[in-house]
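Quick notes on the structure that follows.
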Amino acid sequence: MNKKGSKTKVLLPAAIIMVAFLAAGYSIVSAANRQVSTPQEIANSLTERLHQAIADAESKGDYTTDNQGRKVFAPETATQLQAFQEEAAKAHMATLERPAAERQGAISRIQEFTSDQSIKGFVGDQAASVAYAATGKSSYNSKLNTEFYRVGQDYVEVDMRNNEIVQFGPAPVKPSEETKKFDTAAKFGIADLQAKASEFVARNAKVDLSALKASTGNKMDTNYFFRWEDPNKMLEDGRPAFVQVGFTIGGELLSYTNSLSI
Amino acid sequence: MNKITKALFGVAFSIAMLSAGASAAKADVSIYANNGDYYSEYGPSQYWHTTSNEGYCGHIGSCSPAYMKWTYGGDPMSNYAIWDNPDNNWMWADHDVFVPRVNATTVRAPYCIMWGGANEYNFTVDQNSYYDSWVRGAPAQYDLRSTDLSDVTYENFTRRVGFDEIKISI
Numbered sequence: 342m343n344k345k346g347s348k349t350k351v352l353l354p355a356a357i358i359m360v361a362f363l364a365a366g367y368s369i370v371s372a373a374n375r376q377v378s379t380p381q382e383i384a385n386s387l388t389e390r391l392h393q394a395i396a397d398a399e400s401k402g403d404y405t406t407d408n409q410g411r412k413v414f415a416p417e418t419a420t421q422l423q424a425f426q427e428e429a430a431k432a433h434m435a436t437l438e439r440p441a442a443e444r445q446g447a448i449s450r451i452q453e454f455t456s457d458q459s460i461k462g463f464v465g466d467q468a469a470s471v472a473y474a475a476t477g478k479s480s481y482n483s484k485l486n487t488e489f490y491r492v493g494q495d496y497v498e499v500d501m502r503n504n505e506i507v508q509f510g511p512a513p514v515k516p517s518e519e520t521k522k523f524d525t526a527a528k529f530g531i532a533d534l535q536a537k538a539s540e541f542v543a544r545n546a547k548v549d550l551s552a553l554k555a556s557t558g559n560k561m562d563t564n565y566f567f568r569w570e571d572p573n574k575m576l577e578d579g580r581p582a583f584v585q586v587g588f589t590i591g592g593e594l595l596s597y598t599n600s601l602s603i
Numbered sequence: 016m017n018k019i020t021k022a023l024f025g026v027a028f029s030i031a032m033l034s035a036g037a038s039a040a041k042a043d044v045s046i047y048a049n050n051g052d053y054y055s056e057y058g059p060s061q062y063w064h065t066t067s068n069e070g071y072c073g074h075i076g077s078c079s080p081a082y083m084k085w086t087y088g089g090d091p092m093s094n095y096a097i098w099d100n101p102d103n104n105w106m107w108a109d110h111d112v113f114v115p116r117v118n119a120t121t122v123r124a125p126y127c128i129m130w131g132g133a134n135e136y137n138f139t140v141d142q143n144s145y146y147d148s149w150v151r152g153a154p155a156q157y158d159l160r161s162t163d164l165s166d167v168t169y170e171n172f173t174r175r176v177g178f179d180e181i182k183i184s185i
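So, in structure tokens, the structure goes:
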């Protein structure tokens, strides 16, 4: 019997396992000092930091008033808190979002959507530059997370399950930014816009409009909206699901919403 | 009028319609009405206009109030409204504004979200391009406490600012 040989036999496999463990990037720390590593843990940590920073700022009471008389934090505090929120918000959304590589389907769909002639005058002749902005609760179904993208001056909500457009329209902008401008020269009559809308919706929403209840309205006699509601499908708030498109009398797309499959 | 709470789709999902009454239990979605305990409006009363049977509760959802409010946009500030959003303290929330199909024709509706004590998030919405639709005002705001909307659109009183429901989703 070789005692020394037996010890070697026991220790060598353990050493191999240990090396493999460390090579895989795991840290050996005590339970009390467990390192933050999952997206949720990172989000929780940054949210806690933000929470504490807000509580500290409130207790310090470093306020001023803005030009509309609201009590707001002084600029330096506000800037710091804004930076903390942006970082924490990114971490929070990272717990909701799908991998970036999977978002290419949404980007392609948005580029296809915005290649339509009624939008083309806005985003130019090249394929639209699409930027991912956020993942969060759908504006039409709070049980569903959807993605939000910026394309030019528009904001797009996309259903992650199938990369279909839920809503497209002018993005909210900062007060200092230019708002999107539309062609409101009288080039199309209402009947022409109706036909345009029906074709646009049928092509993008891929629905049989004859089964839906149609209605039309306008704002300022320049912006016309065509809506089709499904009386057999209700949104979470009890109203009929709908698909809707708005065009200016200049023929430009204002907004589009498809809540039929959300 | 009382708070309306709907339980939909079973477990752990609710929408709270908040107008008047006791403070809401935590809900996944809270819709803050343009009247009641969570809403305040300011400015000369003759500049506030009400359109019945329009807006989210007016002809979309089965809730109250069954009207929308509006005022002309211009400069300097004359009329504004505040929706208190007290049920989202220390939570992450998404923020939507409802744009009615009528009397919301400004291209620069100036909203301001107060979050995290006394921080501001300012943005404008082109109400003229939306029609009976929810518009995402802000994603992922932390400790969202209130929303206000004023008439400072710099549009020389030719456009109308629509005041209707605000939705907070946590």
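Chains A and B, in that order, give the protein sequences. The number in the numbering used here is simply the position in the first sequence, starting from 1, with 341 added. The number in the numbering used here is simply the position in the second sequence, starting from 1, with 15 added. Backbone N, C-alpha and C fix where the C-beta goes; we use that ideal spot for every residue, glycine too. Here the structure is a predicted model, which means the values were calculated and not measured.
B/N100 places its beta carbon 8 Å or farther from that of B/S144.
According to DSSP, A/M434 shares a beta bridge with no other residue.
Considering only A/N482, A/A472 and A/K401, the residue with the shortest C-alpha distance to B/S45 is A/N482.
In this structure A/I531 is exposed. Its beta-carbon is surrounded by fewer than 16 other beta-carbon atoms within 10 angstroms. Excluding its 5 nearest sequence neighbours in each direction, A/G591 has C-beta neighbours in its own chain below 6 Å: D524, T525, A526 and K528, listed in chain order. Interface annotation, A/I460: not in contact with chain B, CB-CB separation never under 8 Å.
Among the residues facing chain A, B/R160 is not included, as its CB has no counterpart in that chain under 8 Å away. When Cβ-Cβ separations below 8 Å define contact, A/R580 makes contact with chain B. Secondary structure at A/K401: helix, using DSSP grouped into helix, strand and coil. Per DSSP, the beta-bridge partners of A/S596 are A/G587.
In this structure the stretch 504-518 of chain A touches the stretch 136-155 of chain B; the number of beta carbon pairs closer than 8 Å is three or more. Under the DSSP assignment, A/F414 falls in the beta strand (DSSP E) whose first and last residues are K412 to F414. Taking a 10 Å sphere around the C-beta of B/D90, we find fewer than 16 other C-beta atoms and assign the residue as exposed. Collapsing the DSSP output to three states places B/P154 in a strand.
When the five nearest sequence neighbours on each side are left out, no beta carbon in the same chain lies closer than 7 Å to the beta carbon of A/Q423. Taking C-beta atoms as the reference points, B/F172 and B/W149 fail to come closer than 8 Å. Rounded to whole angstroms, the Cβ separation of A/L550 and A/W569 is 5 Å, and the two are in contact under 8 Å. Contact between the stretch 380-396 of chain A and the stretch 423-432 of chain A is present, with at least three C-beta pairs closer than 8 Å. Contact between B/V167 and B/P115 fails: their C-beta atoms lie close to 20 Å from each other, not under 8 Å. With a beta-carbon spacing of about 19 Å, A/I506 and A/N564 fall beyond the 8 Å limit used to define contacts. For A/M434 and B/A155, the gap between their C-alpha atoms comes out near 8 Å. Only residues of its own chain outside the window of five on either side were considered, and among them Y481, N482, A582, S600 and I603 have a CB closer than 8 Å to the CB of A/L576, listed in chain order. Residues of chain B whose Cβ lies closer than 8 Å to the Cβ of A/T520 are, in chain order, V122, R123, T139 and D141. For B/D109, the closest Cβ of chain A is nearer than 8 Å.
Under a criterion of Cβ atoms nearer than 9 Å, no residue of chain B is adjacent to A/K537; the nearest Cβ is some 16 Å distant.
In this structure, B/G132 sits away from A/F567, with a CB-CB distance that is not shorter than 8 Å. Within the stretch 71-105 of chain B, the residues whose Cβ lies closer than 7 Å to any Cβ of chain A are, in chain order, I75, G76, S77, M92 and W105. For a cut-off of 8 Å, the C-beta gap from A/V492 to A/T455 is around 6 Å, short enough to register as a contact. The beta carbons of B/M83 and B/F178 sit about 7 Å from each other, so the pair counts as a contact at 8 Å.
Contacts between B/P59 and chain A, judged by CB atoms closer than 8 Å, are missing: the closest CB pair is about 17 Å apart. With respect to chain A, the C-beta atom of B/A133 has a partner C-beta closer than 8 Å. Using a CB distance below 8 Å, the part of the stretch 401-435 of chain A facing chain B consists of Y404, D407, Q409, R411, K412, V413, F414, A419, L422, Q423, Q426, A429, A430, H433 and M434, ordered along the chain. Scanning B/L33, B/G51, B/Y62 and B/Y53 for the CA closest to the CA of B/S165 turns up B/Y62.
Taking C-alpha positions only, A/A472 is separated from B/A153 by approximately 16 Å.
The criterion of a C-beta distance shorter than 8 Å is not satisfied by A/V497 and A/V548.
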